[in-house]
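So the protein sequences, as listed, match chains Y and F.
Those letters in the first sequence? Residues 1 to 130, by the numbering used here.
Those letters in the second sequence? Residues 131 to 260, by the numbering used here.
No residue lacks a Cβ here, since even glycine has one placed at the ideal position from N, Cα and C.
A short worksheet on the structure shown next.
Number of protein chains: 2
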Amino acid sequence: MNIGDAAAATGLPAKTIRYYEEIGLVRPLRSDNSYRNFRESDVHKLKFLGRARALGFGIEDCRVLLALYDDDHRESGQVKAMAEEHLKRIDAKIADLQAMRATLGTLVRACAGDHRPDCPILEDLAADTH
Amino acid sequence: MNIGDAAAATGLPAKTIRYYEEIGLVRPLRSDNSYRNFRESDVHKLKFLGRARALGFGIEDCRVLLALYDDDHRESGQVKAMAEEHLKRIDAKIADLQAMRATLGTLVRACAGDHRPDCPILEDLAADTH
DNA sequence: ATAAGGCTTCCAGTCACGGGAGGGTCAAGG
DNA sequence: CCTTGACCCTCCCGTGACTGGAAGCCTTAT
Chain Y
1 MNIGDAAAAT GLPAKTIRYY EEIGLVRPLR SDNSYRNFRE SDVHKLKFLG
51 RARALGFGIE DCRVLLALYD DDHRESGQVK AMAEEHLKRI DAKIADLQAM
101 RATLGTLVRA CAGDHRPDCP ILEDLAADTH
Chain F
131 MNIGDAAAAT GLPAKTIRYY EEIGLVRPLR SDNSYRNFRE SDVHKLKFLG
181 RARALGFGIE DCRVLLALYD DDHRESGQVK AMAEEHLKRI DAKIADLQAM
231 RATLGTLVRA CAGDHRPDCP ILEDLAADTH
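Shown next as structure tokens:
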């Protein structure tokens, strides 16, 4: 299976797959023409990676998750701990964004958005208080 | 005012201030010893930048916002349009994160997190369905 | 005179790729 | 047999917004 087929099968761009190989997340075989040759197991790993990334896990987390997946003696507590850690990060980001959203939303509502220069948004950004 | 004082006054790291100068967001004077010399107006700009960044505006947006702030003939509609555009991006990010959070939260709740290897989280990541 | 701390520039690294150059390979059609 | 077009390869640079560190100059206090 060439990289194009692997890309189609996994939904990942070929560039991303090459990158994953470069950093050692997958190790496809090579054909005589030096083309990468993906087995089903490689495709499976790539799909795993795609889903883990879609959940927001970083690359190094993905590496660990893959290793745990391959490890028959893993303890589910290890996985859960990682996931909870990641959940915390997500919640923190959401909170940050919601704070921004609240402030910015208020400013937008206060701004007439017309042809005049008066603008509460700029005034807030320039305010000495804060 | 040296860069250290400007940093203290604005809450921005000196490194960041140097970076802002490098990309032309501020243009502090230089003293004879080649130290940067910040006027009050520079500090004011830096504070403006810090607040715009804290609201999540990108650097190029900040550049435009600063220009609008300096422009007596601006129309508040321009600023509002940028802010609304940015609000959309924020909302999109929040939605993405909340989707992640929902999926990951469900998986975490389903995972025993004990010494056994069985793990719904890994099983989901490895699932052929999806 | 020296030591500490602040300032300078420049270079490299971050994260997870994406774009593009320059060139090899393969299958189908004329 | 030749060409065309679609693949594939490697290598290098760019992204955003900084951050860290090295090597060296400047200032102030002891």
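Beta-carbon proximity of Y/D91 to F/R231, cut-off 8 Å: yes
Alpha helix (DSSP H) segment containing Y/T16, residue limits: 14 to 22
Reducing DSSP to helix, strand and coil, say where Y/R89 ends up. helix
At the 8 Å Cβ level, is Y/L125 part of the contact set with chain F, yes or no? yes
Where does the unbroken alpha helix (DSSP H) through F/D191 begin, and where does it stop? 189 to 200
Taking the beta carbon of F/Y349 as the centre, do at least 16 other beta carbons fall within 10 Å, making it buried, or is it exposed? Since the first and last residues shown for chain F are 131 and 260, residue 349 of chain F lies out of range.
So with Cβ pairs under 8 Å, would you call Y/I90 a contact of chain F? yes
Cβ closer than 8 Å: which chain F residues qualify as neighbours of Y/F48? L255, A256
So if I threshold CB-CB distances at 8 Å, which residues from the region 88 to 117 of chain Y count as touching chain F? I90, D91, K93, I94, L97, Q98, M100, R101, T103, L104, G105, L107, V108, C111, A112, G113, D114, H115, R116, P117
Find the nearest neighbour of Y/Q78 within the set F/N167, F/L252, F/R166, judged by alpha-carbon distance. F/L252
Would you call Y/D128 buried or exposed, if buried means 16 or more other Cβ atoms sit within 10 Å of its Cβ? exposed
Pick from F/F178, F/D226, F/D254, F/I224 that is closest to Y/K80, judged by C-alpha positions: F/D254
Could you round the C-beta distance between F/C192 and F/L179 to whole angstroms and report it? I think they count as a contact, below 8 Å. 5 Å
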